[in-house]
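One point on numbering: in numbering that gives the first Met the number 0, the residue at position 18 of the sequence shown is 17, and numbering is uninterrupted. Each remark here refers to the structure printed beneath this line.
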Amino acid sequence: MVQFKEYTPQTFVVDGLAGLNKDMMEEHITLYKGYVTNTNKANAALAQLISDNKADGPDAAEIRRRLGFEFSGMRLHETYFGEMKPGGSPVDEKIKKAVTAAWGSWETWSQDFVRTGMMRGIGWGILYQDPVGGSLQNFWVSDHENGHPAGFKPILVMDVWEHAYIKQFGATGRKSYVEAFFKNIDWSVVTKRMA
Ligand SMILES: [Fe+2]
């Protein structure tokens, strides 16, 4: 019998974040828990099909596709909620140095990160570290699973699905949400993710 890991939802503090409503953040946490539930369901269903030697058909193919969406949705939300705290923290020298080495200045990088997050569509703006070259680069990820540079490590992830901001900022309020998000980044957590 094949058995994959069963995930448990993590807990996050979303009360008191600067400029981000508690109600909206709590609703977002509820959505996150759905990704954990659906990851577990997809894993269990796929494990069953594999165990029954029925994993070569369309049922298993569909679950495999969904698993990429649900698992990535779960993990990205954990990275996102885990890097926020009320009022944020000062930028660590280590990440400032690494960013400046690749981007010339902190402002050039942060402006580009915002622009990446402002791209049309649903997805994520993500700062990755290349584990081979070490450099830091911004990428756009569509949905939760499309566009991850293979093997790169997410360092800072910003949810820009409409559910992340529409309740408080409206459908045209992504920029205001992004500005509020920046005020709550715990840079010590972000920096610890760097190799
Ligand atoms: Fe989200």
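Cβ coordinates follow ideal geometry from the N, Cα and C atoms, glycine included. Here the structure is a predicted model, which is why all the values come from computation and not from measurement.
Between K152 and M23, the beta carbon gap of about 28 Å keeps them out of contact (Cβ cut-off 8 Å). When beta bridges are read from the DSSP output, I28 appears opposite no residue. The DSSP assignment places 92-102, 105-116 as complete runs of the alpha helix (DSSP H) inside the stretch 90-127, in order along the chain (cut-off: 4 residues). Counting every other CB atom within 10 Å of its CB across the protein chains shown gives K84 a total of 16 or more, marking it as buried. Taking 8 Å as the upper bound for CB-CB distance, F80 and Y31 are in contact here, some 7 Å apart. One residue list follows from the rule of a beta carbon closer than 6 Å to any heavy atom of ligand 1, given in chain order as H27, L30, H76, D158, W160, H162, A163.
For F181, the enclosing alpha helix (DSSP H) stretches over residues 173-181. In the same chain as L66, and ignoring 5 residues on each side of it, the C-beta atoms closer than 8 Å to its own belong to T38, A41, N42, L45, in chain order. Distances from the alpha-carbon of N137 to those of V177, T115, G150 put T115 closest. Its Cα nearest to that of T10, the residue E77 stands out among E77, G122, Q110. In this structure, G18 keeps its C-beta atom at 8 Å or more from the C-beta atom of K174. In this structure, H162 is the residue among H162, A97, H147, I49 with its C-alpha nearest to the C-alpha of T29. Under a 10 Å Cβ-count criterion, I121 is classified as exposed, with fewer than 16 other Cβ atoms of the shown protein chains found around its own Cβ. Within the same chain, and ignoring the five residues on either side of T36 in sequence, no residue has its Cβ closer than 7 Å to its Cβ. By the neighbour-count criterion, in which 16 or more other beta carbons inside 10 Å mark a residue as buried, V131 falls on the exposed side. Burial of S71 is indicated by the presence of at least 16 other C-beta atoms within 10 angstroms of its C-beta. Going by DSSP, S141 is part of the beta strand (DSSP E) stretching over 135-141. Out of T99, Y34, E25, the CA that lies nearest to the CA of T7 is found in Y34.
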